[in-house]
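Numbering (the UniProt record's numbering), first residue to last: 1 to 196.
First comes the structure, then the notes that go with it.
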């Protein structure tokens, strides 16, 4: 059983996961929370190089960037990263059953961060729309209001309709993590690293 299951390990998925995982040692309400990121290793990031992304090496290639972020997430032992393909999301008794090719997972909250190319996951709550804020035709996003699809089911990054910039998608994932914190704390919450 996971507190949050994130589908997709790109800019938004990693932004959400790192933000969630980083709270565990800082706040009592976050202690013992468990997270999992499930990704099919098909991110567009791996096909790119980045020259306008703040805080990283100029011209870093996508595979190196993804590896760097993955290593950063591994600093938090409360978050697993696995490779698999999700095929279905069901909701039962306020919990989500997420079905993959290899396994079934149970989570209280699910975040979809699958990008804009397609959405092939069977889920009764999801309405697939045309992504109209991108340069390429035939891209998709999921119907949402402020990243929320339904109670406990969120969408982040390009799948939510955000622009196709790494920093925007990453920030959208971070925003969803903060929205989840607000559910748990009943008030606005963020995680900052403080140097004393």
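From the three backbone atoms N, C-alpha and C, an ideal C-beta is built for every residue, glycine too.
Only a predicted model underlies this, so the values are computations on that prediction, with no experimental measurement involved.
- Rounded to whole angstroms, the separation of the alpha carbons of residue 61 and residue 68 is 11 Å.
- Residue environment analysis places residue 190 among the exposed positions, since fewer than 16 neighbouring C-beta atoms fall within 10 angstroms of its C-beta.
- Residue pairing for residue 110: DSSP places it in a beta bridge opposite 5, 153.
- Apart from the 5 residues on each side of it in sequence, residue 128 sits with its Cβ closer than 7 Å to the Cβ of 119, 140, 142 in its chain, given in chain order.
- Assignment of beta-bridge partners to residue 83 by DSSP yields 39.
- In this chain, residue 181 is not harboured by any beta strand (DSSP E); it is covered by the alpha helix (DSSP H) spanning 166-185.
- Under the three-state reduction of DSSP, residue 22 is assigned to helix.
- Bounds of the beta strand (DSSP E) holding residue 97 are 95-100.
- The Cβ neighbour count for residue 130, taken over all protein chains shown within 10 Å, is under 16; the residue is labelled exposed.
- Per DSSP, the unbroken alpha helix (DSSP H) holding residue 68 starts and ends at 62-73.
- For residue 128, the enclosing beta strand (DSSP E) has its first and last residue at 128-130.
- Where residue 53 is concerned, there is no enclosing beta strand (DSSP E), because DSSP gives it neither an H nor an E.
- When C-beta atoms of the segment 16-30 are compared with those of the segment 69-79, three or more pairs fall below 8 Å, so the two segments count as touching.
- For residue 158, the secondary structure class from DSSP, reduced to helix, strand or coil, is helix.
- Under DSSP, residue 140 shares a beta bridge with 130.
- About 11 Å separates the CB atoms of residue 111 and residue 89; that is not less than 8 Å, and the two are not in contact.
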